Amino acid sequence: MTAPILPARFRLAFLLVVFALCISNLSFARQKHHTPDLSAIDHSVQPGEDFYLYANGLWLQHTKIPENQTEVSHFTAVGNKVDRDLTNILEHLDQRGHFAPSTDEAKLLALYRGYRDTHQRNQLGFAPIQDDINAILNLRSKHELPAMFATLLRKGVSSPLMIDVQPDVDNPDLNMVFLDTSDATLRLRKTTNQRHFKKSESAVTAIKAQKDSDIDDDAKGLIKLMATMLQAVNVPNIPKAIEAINTIQSGMDDLPAGNTDTPIQIFKVSTVEELSDVLGSFSWSDFAAEAGIPNQQRIVTGPLDPFKSFGKLFHKHSLEQWQAWMIWQLLDTNATYLSEELAQQYLTYYEVELGGYKRTTHVQKRAVDLCNDLLEWPLARFYTDKNLNHATEKMGRNMVHHMRDAFAQRIKHRNWMTAETQQAAFDKLQKINVKVGKPLRWPKTPQYTPDESDLFGMISYLRNNRYDKMIKQLDEPADKDLWDMTPQTVNAYYDPSRNEIVVTTAIMQSPLFDISANPAVLFSTLGAIVGHEMTHGFDNNGSFFDGEGRLTNWWQPEDFKTFKNLSKQLAKQYDKYLPLPKVHIDGQQTLGENIADLGGLSIAWDAYRLSLGRKAPTDEDSQTFLLGWGQLWRTKETPSALKDDIESDEHSPAQFRVNGVLSNLELFYKIYPVASGDKMYRAPEHRIEIW
Ligand SMILES: [Zn+2]
4 MTAPILPARF RLAFLLVVFA LCISNLSFAR QKHHTPDLSA IDHSVQPGED
54 FYLYANGLWL QHTKIPENQT EVSHFTAVGN KVDRDLTNIL EHLDQRGHFA
104 PSTDEAKLLA LYRGYRDTHQ RNQLGFAPIQ DDINAILNLR SKHELPAMFA
154 TLLRKGVSSP LMIDVQPDVD NPDLNMVFLD TSDATLRLRK TTNQRHFKKS
204 ESAVTAIKAQ KDSDIDDDAK GLIKLMATML QAVNVPNIPK AIEAINTIQS
254 GMDDLPAGNT DTPIQIFKVS TVEELSDVLG SFSWSDFAAE AGIPNQQRIV
304 TGPLDPFKSF GKLFHKHSLE QWQAWMIWQL LDTNATYLSE ELAQQYLTYY
354 EVELGGYKRT THVQKRAVDL CNDLLEWPLA RFYTDKNLNH ATEKMGRNMV
404 HHMRDAFAQR IKHRNWMTAE TQQAAFDKLQ KINVKVGKPL RWPKTPQYTP
454 DESDLFGMIS YLRNNRYDKM IKQLDEPADK DLWDMTPQTV NAYYDPSRNE
504 IVVTTAIMQS PLFDISANPA VLFSTLGAIV GHEMTHGFDN NGSFFDGEGR
554 LTNWWQPEDF KTFKNLSKQL AKQYDKYLPL PKVHIDGQQT LGENIADLGG
604 LSIAWDAYRL SLGRKAPTDE DSQTFLLGWG QLWRTKETPS ALKDDIESDE
654 HSPAQFRVNG VLSNLELFYK IYPVASGDKM YRAPEHRIEI W
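Each number in the numbering used here comes from the position in the sequence shown (counting from 1) with 3 added on.
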């Protein structure tokens, strides 16, 4: 539903930095910090050939990727700062020691200490999940499976069907159930997966014969990890179980998406009868009853194709095979919370072998992550108390204000649009709800008595509570104050069904955005990001929603045709980019983000000019603005991380986020000598301007 500015793996990253400078109505202090970073510029590269390399060349040459990262950027730097900050909060609680059990402090501390108590975790081993394993193994008929999937779902374990509760796209004041098929994978890329699974048969034979050398190298780590874990919880016939897990998982990975071209298809509503029908022998009513949604008659499913294929997959495999798959999901969800030995085995495979890290994540960092996952709101409160000050919040709100004004003016100048569509776009823009820094009110912390000697009990309770709270929202009007992201997340997002943008505390900090930076840079960084999120309301998906968050058409037909045509041309431009030899960007996969980047920076430039009043920006100001954008995205990453991004991320890689936008921007041609024949040059008639 939401479109964050960064890929998902950044969403758990984190902050600090207390801004002491005051800011009012853009009376920004003149350049005090090194923004832009002039020492990063590579003057041997012509800006018109590759602006990204020109702006960042020396930085790219001199920067090393730290040991336990696959990339380094401003975003990872801020993320690391947030990590340190959250750790400090928890360490401070640890030093203070005792708190009344009902307090947030006591709850956070118990979770933090409970996880760090590896002695206790080692003593318990698999015991915390043995009851669940036995319950799965004791199932006697396939008819019992749907209810068991739902039972595990309540415990935070992936089920083949996943539930979310979000505002109804036809009536955003009410909430509805959104259903999806599981996105759990064995965390290998699909192509690699297929290769692994074909070889799993021989691997299983090798395990049987205890002949390690016969197992394919790529598959060895995973197969061994599975064998160890399944053996430890007394699963009978391990080779067969591994084979079942692999076969079912590849079936789940291959479920067809169906037609998801536009939000009309993505948010299609189905009746319970339609859903039951395609699920076949999988009983929807048993699943729904156990999942706590027995009375929901209409469900947001999107295309029914994946559910139909899942129904067939369910039918095809035996009880024993589904039991094995379920046990693996249970182990996969909980491996890092059981014994430290098991956690190490699990992380060595996923982080070191697969992820390319030099070593596994330290236990203290994992304890912080656990608190940030299950008690994220109490932690957010402590975090923002320390790190969000009035000046920063005001800077964020001011920027939104300036960007909205500039966007409104640009809408008036969209000469490809009729006055009717312009008015409707203007109305939607005015209705965008803005959340900056932290929520207006904090979600209530669950009431329980924390006990650090019962780590798993606390984890189970909090997961269950989260699930129940989500389901309870079905009986309540949609909560407009809810945040889908915590303030300690280094990110921002636009949510079409709430027509809102959210800019977190964590993202509004140096070196990403510096309150004391040259205003030209502040506009091409913070401004462009705010503009990016606003433009999402008008991209290839957002344009299907109106100002209230309703999925409805507010376009004149001829305007929508032009919009689609312009988008298509933009997608074609990005299709041609090659971040790696023979590896193209997918212009359609990245379209919404590219429209948002192009709109964001264009609006930011207008907003900057408006902020200067009658004064015109100098060429130096303009260069500073463009360098700010060029350096905002600088990223050094390993080729395999880059390849992963190209395949799965809806954002273009950094180099093309920068160059793709600039090659369409008139300002770029005005300020730098870009001529026909230069790599970035586009003839005026091929430059695209949408918003
Ligand atoms: Zn975005």
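By construction, the Cβ of each residue, glycine as well, lies at the ideal position given by its N, Cα and C atoms.
Since we're looking at a predicted model, the values are computed, not measured.
- If you look at D167, you'll find it in the beta strand (DSSP E) that goes L164 to P170.
- As DSSP reads the structure, T421 sits in no beta bridge.
- Note on T452: under 16 other CB atoms within 10 angstroms of its CB, so exposed under the neighbour-count rule.
- The three-state reading of DSSP puts Y451 in coil, since its state is none of H, G, I, E or B.
- Residue nearest to L554 within the set L63, L148 and D176 is D176 (criterion: CA-CA distance).
- Three or more beta-carbon pairs drawn from the segment 426 to 440 and the segment 497 to 509 are found closer than 8 Å, and the two stretches are therefore classed as touching.
- For E379, the enclosing alpha helix (DSSP H) has its first and last residue at E379 to N390.
- In the three-state scheme derived from DSSP, where H, G and I count as helix and E and B as strand, V81 is classed as helix.
- The criterion of a C-beta distance shorter than 9 Å is not satisfied by T395 and N71.
- Judged by beta-carbon spacing, F54 lies within the 9 Å limit of Y675, meaning their Cβ atoms are closer than that value.
- Residue L635 holds the alpha-carbon nearest to the alpha-carbon of P514 among L635, N141, D562 and G358.
- Burial check for L581: the Cβ neighbour count within 10 Å stays below 16, so the residue is exposed.
- For the pair L127 and E344, the Cα-to-Cα distance works out to about 12 Å.
- The beta-bridge partner set that DSSP reports for F548 consists of L554.
- Distance from the Cα of L613 is smallest, within the candidate group R501, A523, T492 and W632, for A523.
- Between L114 and L391, the gap from beta carbon to beta carbon reaches 9 Å or more.
- At a Cβ-Cβ threshold of 9 Å, K639 and S76 count as neighbours.
- Annotated as proximal: Y470 and R157, with beta-carbon spacing under 9 Å.
- Around E653, the same chain offers Q592, T593, G595 and E596 as residues with beta carbons nearer than 7 Å, after the five sequence neighbours per side are excluded.
- Relative to ligand 1, A599 has its C-beta within less than 8 Å of a heavy atom.
- At a threshold of 8 Å, E623 does not count as near ligand 1, since its beta carbon sits no closer than that to any of the ligand's heavy atoms.
- If you ignore the 5 residues before and after P259, its C-beta comes within less than 7 Å of the C-beta of D308, P309 and S312, all in its own chain and listed in chain order.
- Pairwise C-beta distances place the segment 477 to 486 out of contact with the segment 452 to 469, as fewer than three of them are shorter than 8 Å.
- Around the beta carbon of E379, a 10 Å sphere encloses 16 or more other beta carbons of the protein chains shown; the residue is thus reported as buried.
- In terms of Cβ geometry, D454 and G117 form a close pair [threshold 9 Å].
- The C-alpha of T121 lies about 34 Å from the C-alpha of D167.
- Looking only at G314, F270, T263 and P306, the smallest Cα-Cα distance to D280 is reached by G314.
- When distances are taken from the beta-carbon of H77 to the heavy atoms of ligand 1, even the shortest one reaches 8 Å or more.
- Annotated as distal: W632 and A520, with beta-carbon spacing of 9 Å or more.
- Put simply, the backbone Cα of S144 is about 11 Å away from that of M151.
- Relative to ligand 1, H535 has its C-beta within less than 8 Å of a heavy atom.
- Measuring C-alpha to C-alpha distances from N298 to each of W287, L350, L601 and N418 identifies W287 as the nearest.
- For the segment 112 to 158, the full-length alpha helix (DSSP H) segments reaching 4 residues or more read 121 to 127, 130 to 140 and 148 to 157 along the chain.
- With a threshold of 16 other beta carbon atoms within 10 Å, S679 falls short and is exposed.
- DSSP places P480 in the strand class (E or B) of the three-state scheme.
- Ligand 1 never approaches H101 closely enough for any of its heavy atoms to be under 8 Å from the residue's Cβ.
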